[in-house]
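With the UniProt record's numbering as the guide, the letters of the sequence shown map in order to residues 1 to 660. The beta carbon of each residue, even a glycine, is placed where N, CA and C say it ideally should be. All values derive from a computational prediction rather than experimental measurement.
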Amino acid sequence: MPPLVHCVRHGQGFHNVGGGCYTLPDPHLTPLGEEQSKALGRTVFADQSKISLVLASPLCRTLQSAYLVFQSALTSSSKCHPEIIAIPDAQETSDDACDVGTNPSVFRRVVAESKLPVNLSLVKEGWNVKALGTRYSPESNAIAARARDARIFIREKIRQLIKQGDTEPQIALVAHGGFLHYFTEDWEDSWLNLGQDGATAKLGPTPTMLSRDCSPKAPDEGLSPLPDDNASLNVDGNAEAIPTVDESLQARIERLGRERPPIFPTRWSEIIFVFSISMSQFLTEYFVSGFTVILPTLITELNIPQAASLWPATAFSLVIASTLLVFGRLGDMWGGYPVFVAGLAWLLVWSIIAGFSINPLMLDLCRALQGLGAAAALPTEVMLMGSLYRPGPRKNLVFAVYGTSAVFGFFGGILMAGIVGQFTRWGFYFWIGAILTAITLLTSILYIPRPHSKDRAPGLAKMDYSGAVTIVCGLVLIVVAWYVPLGVAGLIISVVEGFILHLVPGRVLLIIAGLGAVGSQLLIAMVPLGGSYWAWIFPAVIFSTVGIDLPTILATVFVTTTFPTSQQGLAGSVINSVLQLGVAFVLALTDVIQAATVDEAGLRQSYKNTFWFGVDKIAGDGAGRLDVVVAFWIFNMLSDVTPTIFPRLAMPFSHRNRVP
Numbered sequence: 001m002p003p004l005v006h007c008v009r010h011g012q013g014f015h016n017v018g019g020g021c022y023t024l025p026d027p028h029l030t031p032l033g034e035e036q037s038k039a040l041g042r043t044v045f046a047d048q049s050k051i052s053l054v055l056a057s058p059l060c061r062t063l064q065s066a067y068l069v070f071q072s073a074l075t076s077s078s079k080c081h082p083e084i085i086a087i088p089d090a091q092e093t094s095d096d097a098c099d100v101g102t103n104p105s106v107f108r109r110v111v112a113e114s115k116l117p118v119n120l121s122l123v124k125e126g127w128n129v130k131a132l133g134t135r136y137s138p139e140s141n142a143i144a145a146r147a148r149d150a151r152i153f154i155r156e157k158i159r160q161l162i163k164q165g166d167t168e169p170q171i172a173l174v175a176h177g178g179f180l181h182y183f184t185e186d187w188e189d190s191w192l193n194l195g196q197d198g199a200t201a202k203l204g205p206t207p208t209m210l211s212r213d214c215s216p217k218a219p220d221e222g223l224s225p226l227p228d229d230n231a232s233l234n235v236d237g238n239a240e241a242i243p244t245v246d247e248s249l250q251a252r253i254e255r256l257g258r259e260r261p262p263i264f265p266t267r268w269s270e271i272i273f274v275f276s277i278s279m280s281q282f283l284t285e286y287f288v289s290g291f292t293v294i295l296p297t298l299i300t301e302l303n304i305p306q307a308a309s310l311w312p313a314t315a316f317s318l319v320i321a322s323t324l325l326v327f328g329r330l331g332d333m334w335g336g337y338p339v340f341v342a343g344l345a346w347l348l349v350w351s352i353i354a355g356f357s358i359n360p361l362m363l364d365l366c367r368a369l370q371g372l373g374a375a376a377a378l379p380t381e382v383m384l385m386g387s388l389y390r391p392g393p394r395k396n397l398v399f400a401v402y403g404t405s406a407v408f409g410f411f412g413g414i415l416m417a418g419i420v421g422q423f424t425r426w427g428f429y430f431w432i433g434a435i436l437t438a439i440t441l442l443t444s445i446l447y448i449p450r451p452h453s454k455d456r457a458p459g460l461a462k463m464d465y466s467g468a469v470t471i472v473c474g475l476v477l478i479v480v481a482w483y484v485p486l487g488v489a490g491l492i493i494s495v496v497e498g499f500i501l502h503l504v505p506g507r508v509l510l511i512i513a514g515l516g517a518v519g520s521q522l523l524i525a526m527v528p529l530g531g532s533y534w535a536w537i538f539p540a541v542i543f544s545t546v547g548i549d550l551p552t553i554l555a556t557v558f559v560t561t562t563f564p565t566s567q568q569g570l571a572g573s574v575i576n577s578v579l580q581l582g583v584a585f586v587l588a589l590t591d592v593i594q595a596a597t598v599d600e601a602g603l604r605q606s607y608k609n610t611f612w613f614g615v616d617k618i619a620g621d622g623a624g625r626l627d628v629v630v631a632f633w634i635f636n637m638l639s640d641v642t643p644t645i646f647p648r649l650a651m652p653f654s655h656r657n658r659v660p
């Protein structure tokens with residue numbers, strides 16, 4: 001029989017009983033956690049006669065669990081080493097207070113007072129220091145490195161046991177849920193595997209590991225095989241998890257949804273990441289809204305003909321809308337990070353060049369090439385956020401901040417263009433944007449997590465090159481327009497939605513958004529001559545913001561949560577392309593309506609006709625939304641038969657991607 005390694009997660013600690021308890025330093029087991037550990041020893045490990053060695057993370061809860069689970073082996077077995085060996089490499093992944101160990105001198109006294117049989121020879125000064133760049137840093141690459149070292153350590157122990165005549169060595173490792181995902185090389189999307197922290201693994205001659213889902217992993221290099229030629233490393237399908245803590249699945253999902261993703265070692269690293277992602281959205285709106293303000297100056301300075309004055313304004317958005325899907329797929333193929341950074345670098349270069357434009361053709365070209373950079377960044381920024389954040393309040397808030405950045409970019413572009421047009425040369429509008437892009441590029445390179453090789457799915461993410469060519473050409477031929485987000489209330493609406501999105505049903509928010517969109521168009525269509533701004537225009541602007549921001553953020557959170565990791569780039573491109581294309585197409589129609597009715601109805605009425613068109617169109621969309629809501633209600637009523645008819649839809653979002 002090949003050697004065995006039993007991976008066991010500790011029982012419930014006091015930090016598990018509530019979100020605020022994660023500030024407790026090195027907590028002990030709760031009474032329930034003690035009972036869980038004893039129960040595991042009586043059931044899964046009822047026969048401990050074959051246990052050769054017990055290892056544990058040097059935290060109080062893991063040492064307690066190790067002793068309570070394997071007490072029989074430690075005290076009564078002639079085969080098992082009588083002491084628990086504490087290995088610092090197996091400590092938990094985060095730098096929360098509950099996951100940071102105690103100073104060695106104090107810890108030795110604590111262990112001595114507890115009378116636990118623990119060997120602390122490996123616990124040295126600095127084992128509980130989790131600063132960035134150190135061995136025990138909460139950074140993903142550092143955790144993966146010490147998990148590999150832990151595997152090497154265990155292999156060496158097994159070799160020693162075999163040399164000593166132990167023909168069937170079994171080692172028990174009591175550690176933490178987060179670390180065990182790294183230990184078994186199953187850390188990608190580990191937050192999806194709730195309640196699967198206990199497993200039994202066979203350690204064999206090749207250093208190949210299989211995760212819980214039995215997918216092969218790359219071997220650790222430089223390790224010699226173990227003596228048993230027929231042994232292999234895999235997960236024992238009959239292994240049982242430890243008894244669960246008194247925390248429901250929903251409660252755990254809620255708690256995880258509020259926590260900082262473990263890939264961010266500090267709060268500041270997360271803040272700068274969100275800043276970098278949001279700034280790309282800010283820059284897109286900056287180069288859209290501000291350009292309409294600076295355009296009259298450009299028409300004069302560059303002698304742009306009136307018939308061609310529309311092209312510099314529309315080229316940017318037209319290129320974005322036409323190429324978003326292409327760059328979204330490239331993000332799925334090559335990873336979001338390289339495409340995002342390349343897009344920012346491209347935007348930086350052409351923003352600088354645009355400030356030196358000497359004729360209309362050069363300006364049009366620079367604006368179009370700027371659009372390529374923005375198109376590369378927009379879908380991949382959604383991909384990066386969607387793949388790093390768990391569904392929950394924290395993800396909702398981050399996407400709300402992301403949506404709010406568009407509002408800041410819109411008004412920031414107008415403000416900066418107005419200042420530049422009033423006091424200096426028009427080229428500074430582009431150069432200021434280039435400076436902001438350079439800052440964003442720098443923070444992105446430094447703080448956006450690098451892609452892992454498993455993020456790419458070459459077998460799944462393929463480019464439809466003929467489709468890419470036809471959709472780009474088709475969209476260019478259909479639309480020429482620009483994206484204009486409405487509403488100074490966008491900041492408030494976006495932030496509030498981030499806080500309430502997990503509390504209010506999505507169907508209710510969709511209905512509210514539809515009513516707001518219809519109300520905004522209706523108020524302006526009915527405004528009388530000389531009507532009050534505060535009575536008509538101001539509420540219309542508020543309603544329009546509700547109609548835009550609510551469904552946009554809701555769709556972004558829903559789509560990025562539902563799509564698998566390998567399709568996040570496509571998800572981001574679909575969201576942004578529909579947004580850009582919808583605005584461009586509708587603006588083109590309103591321009592046609594206004595131009596067709598101005599001679600007969602007059603200028604004022606021709607403008608009002610465009611808003612009546614908006615009422616009709618949005619009301620139709622609202623009816624469609626109502627149909628969707630009713631369909632969801634009916635679908636919920638049929639939930640009892642859903643698992644039989646639609647087994648994939650019956651699964652939680654977090655598990656759908658595991659269905660073949």
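Short of 6 Å from the beta carbon of residue 182, and not among the five residues preceding or following it, lie these beta carbons of its own chain, in chain order: 143, 144 and 147. Considering only 67, 541, 58 and 63, the residue with the shortest C-alpha distance to residue 42 is 67. DSSP links residue 414 through a beta bridge to no other residue.
The alpha carbon of residue 136 has as its nearest neighbour, out of 95, 172, 12 and 354, the alpha carbon of 95. Checking the DSSP bridge columns, you'll see residue 71 has no partner listed.
Contact between residue 373 and residue 347 holds, since their C-beta atoms are separated by about 3 Å, short of 8 Å.
Under a 10 Å Cβ-count criterion, residue 141 is classified as exposed, with fewer than 16 other Cβ atoms of the shown protein chains found around its own Cβ. Taking C-beta atoms under 8 Å as the contact rule, residue 170 and residue 3 qualify, at a distance of about 7 Å.
When the Cα atoms are used, residue 149 and residue 28 turn out to be separated by approximately 26 Å.
Runs of the beta strand (DSSP E) lying entirely within the region 76–135, each at least 3 residues long, are 84–86 in chain order. Take the alpha-carbon of residue 22 and the one of residue 298: they are about 57 Å apart.
In the structure shown, residue 361 adopts helical secondary structure according to DSSP, grouped into three states. By the Cβ neighbour-count rule, residue 268 is exposed, with fewer than 16 other Cβ atoms within 10 Å of its own.
Around the Cβ of residue 128, a 10 Å sphere holds 16 or more other Cβ atoms; the residue is buried. Beyond the five residues adjoining it in sequence on each side, residue 315 comes within less than 7 Å, by CB distance, of 364, 367, 368 and 371 in the same chain, given in chain order. Rounded to the nearest whole angstrom, the C-alpha separation of residue 375 and residue 280 is 10 Å. Beyond the five residues adjoining it in sequence on each side, residue 358 comes within less than 8 Å, by CB distance, of 302 in the same chain, given in chain order. The beta carbons of residue 93 and residue 178 sit closer together than 8 Å. Contact between the region 393–401 and the region 258–265 is present: 3 or more CB-CB pairs across the two stretches fall below 8 Å. Shown here, residue 28 sits in coil according to DSSP, grouped into three states, outside any helix or strand. Taking a C-beta distance under 8 Å as the contact criterion, residue 409 and residue 285 qualify as a contact pair.
With 16 or more other Cβ atoms inside 10 Å of its own Cβ, residue 551 counts as buried. Distances from the alpha-carbon of residue 87 to those of 601, 609 and 60 put 60 closest.
Cα atoms of residue 296 and residue 421: separation of roughly 9 Å, rounded to the nearest angstrom. Excluding five sequence positions before and after residue 525, the CB atoms of its chain that fall closer than 8 Å to its own CB belong to 608, 611, 612, 614 and 615, given in chain order. Boundaries of the beta strand (DSSP E) harbouring residue 56: 53–56, taken from the DSSP string. Counted as a single uninterrupted DSSP element, the alpha helix (DSSP H) harbouring residue 277 occupies residues 267–301. Each residue's CA atom was taken as its position, placing residue 599 and residue 427 some 38 Å apart.
Residue 413 is positioned such that its CB atom lies closer than 8 Å to that of residue 288. Taken through DSSP and simplified to helix, strand or coil, residue 10 comes out as coil. In the three-state scheme derived from DSSP, where H, G and I count as helix and E and B as strand, residue 59 is classed as coil.
Residue 308 and residue 513 have their C-alpha atoms roughly 36 Å apart. Collapsing the DSSP output to three states places residue 64 in a helix. The continuous alpha helix (DSSP H) containing residue 160 extends over residues 140–163. As the crow flies, the alpha-carbon of residue 184 is around 16 Å from that of residue 56. The bridge partners DSSP lists for residue 173 are 7 and 55.
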